[in-house]
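Residue numbers (our numbering): 679 to 1083.
Idealized CB from N, CA, C, for every residue including glycine.
Only a predicted model underlies this, so the values are computations on that prediction, with no experimental measurement involved.
The structure appears below as C-alpha cells.
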C-alpha cells in the first residue's frame, strides 16, 4: 500500500500529536530529587509490512510480539524510553500504551506513561528522484528514508515526566548538503568528487533517514533534552557507501548540536530556527545509531563522534551476560570481533556482521550516570524467552538503559 502524504508543518505536527502528548488519568513519574531517572532506548521492531497494520495489531490485547515488547519495557521500567521502529501512526501510540504497557504482561507490573511524543518520519516518503541511481524512480530506496510506506520504521518517546511539547525541535527536513563538510557519497565510476547525487537531488536529499528530535523532559524543575534518532544502517548500498556516509553524518548531527555554538550554527529545525543546544544544557542522546565502536560496517570513527565528545559522558557502558554468552555460542563473525561482547545490543546474522553494540543511551557531562544495563538475559534465565534466538520473539535488538542523577 502506498500513498503520497502532504508535508506537515510544525503546527500540523503538534496538532496531530496533541491527543497523545497530555497526561493520562492517575499516572505519575518517579519523585524528583536524588532518585535516579532511568532513560532507555529500544529498537522494538514494531514495524509492519503495510500502512495501518500496526494500528490493527495494537487494537487488540493479544498480539504476541507487542506483548513481548511491553513486558520487556515493564521488566526494566524506564522513566523515559525511546522506541525505534514504531510505524508513524498517532493512534498507535495510545493503543500500545492502553492495551499493552498499562496491562500486566506475564505478571510484570504495568507501566504508565502519561506523556508521549510522536512526529512524522522520512521513511517511505517518496522523493520523486532516482536516489539509488538504478534508472528507475520509486520504491523504498528512492524514498527520503528507506521504507515501503510513509512512516514505516518511525519512532515514539514515552515519558513518566512532562514533555515540554512547545519546546520540541524536529529536524526531519534538514538537507544533507547544508551540513558543512558533509560526507556526501561519491560515484566511483566518475572522476568528480562527491557526485553520487546530482545538484538537483542535493536540493532535496534530507540528512535524517527517519528524523532527529530534541524532546525536552521536565524532571523535578529541571529540563533534560532527550536527543533521539535512528540513523540508517551503513549497508544495503554499493561501493559509493551512501548509507555508510549518511549514517556517519546522522551521528555527527548530534555531536555538532551539543557542541560549541559556532559548530551548530548551520543547523536549522523544521520551524526555521537555527542553532544547536544552549551551552550548559543537560541532555541524553539515545537511539539505535547503527554503528559499533570496534566492529561492523560503519565508517571508521562514526560513533566515536559521540563517545569521545567533550560534552558526553560515555564512561559507564551498559552490559549484559547474555551478550557474552550469545557471541560464544553463535561463533561466526563474532569470533573475529575486537569489541567486548558484553556490550553488544543487537543479535545480528552470525555470518556477517555478527552481534554488535549499536544502541546507545549517552548522558551529558552535567548528568551523573549511576547504573545501567542491556536487557539480554542468559539462556538459563526464564526471561530469556523475551529475547530468544532467530526467529526472534520480540526483536533482534535489546533494550538498553542508563540511570542518571
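Is the distance from the Cβ of residue i to the Cβ of residue j below 8 Å?
i, j, result
"residue 747", "residue 1065", "no"
"residue 822", "residue 796", "no"
"residue 793", "residue 841", "yes"
"residue 828", "residue 803", "yes"
"residue 1030", "residue 1005", "no"
"residue 736", "residue 744", "yes"
"residue 1092", "residue 763", "Missing from the structure shown is residue 1092; the chain here goes from 679 to 1083 and no further."
"residue 895", "residue 839", "yes"
"residue 836", "residue 888", "no"
"residue 714", "residue 1081", "yes"
My output table needs one value for residue i: the three-state DSSP class, helix, strand or coil.
i, result
"residue 905", "strand"
"residue 789", "coil"
"residue 987", "coil"
"residue 1048", "strand"
"residue 979", "coil"
"residue 854", "helix"
"residue 1071", "coil"
"residue 823", "strand"
"residue 747", "helix"
"residue 944", "coil"
"residue 770", "helix"
"residue 1013", "helix"
"residue 729", "coil"
"residue 723", "strand"
"residue 965", "strand"
"residue 844", "helix"
"residue 715", "strand"
"residue 1036", "coil"
"residue 801", "strand"
"residue 952", "strand"
"residue 810", "coil"
"residue 973", "coil"
Report the residue from the options whose alpha carbon sits nearest the alpha carbon of residue i.
i, options, result
"residue 993", "1021, 1003, 1002", "1021"
"residue 940", "961, 978, 919, 857", "857"
"residue 972", "935, 1019, 1002", "1019"
"residue 974", "1003, 1027, 898, 1044", "1027"
"residue 1032", "1048, 1059, 1047, 1001", "1001"
"residue 893", "886, 887, 902", "902"
"residue 1074", "720, 997, 819", "720"
"residue 958", "988, 819, 947", "988"
"residue 904", "877, 861, 847", "847"
Taking all protein chains shown into account, do 16 or more other C-beta atoms lie within 10 angstroms of the C-beta of residue i, making it buried, or fewer, making it exposed?
i, result
"residue 1042", "buried"
"residue 738", "exposed"
"residue 1007", "exposed"
"residue 716", "buried"
"residue 867", "exposed"
"residue 900", "exposed"
"residue 978", "exposed"
"residue 782", "exposed"
"residue 1035", "buried"
"residue 1060", "exposed"
"residue 815", "exposed"
If you drop the 5 nearest sequence neighbours on each side, which residues of the same chain put their C-beta closer than 8 Å to that of residue i?
i, result
"residue 976", "912, 922, 925, 926, 968, 969, 970"
"residue 1070", "723, 1025"
"residue 884", "800, 822, 823, 850, 851, 852, 853, 854"
"residue 984", "929, 932, 933, 963, 967, 990, 992, 1038, 1040"
Using C-beta distances below 7 Å, list every residue in its chain close to residue i, excluding the 5 sequence neighbours before and after it, in chain order.
i, result
"residue 980", "925, 926, 929, 969"
"residue 865", "873, 874, 918"
"residue 733", "767, 769, 770, 773"
Less than 6 Å between C-beta atoms, sequence neighbours within five positions excluded: which residues of the same chain meet that for residue i?
i, result
"residue 1076", "1023, 1052, 1053, 1054"
"residue 954", "935, 942, 945"
"residue 774", "736"
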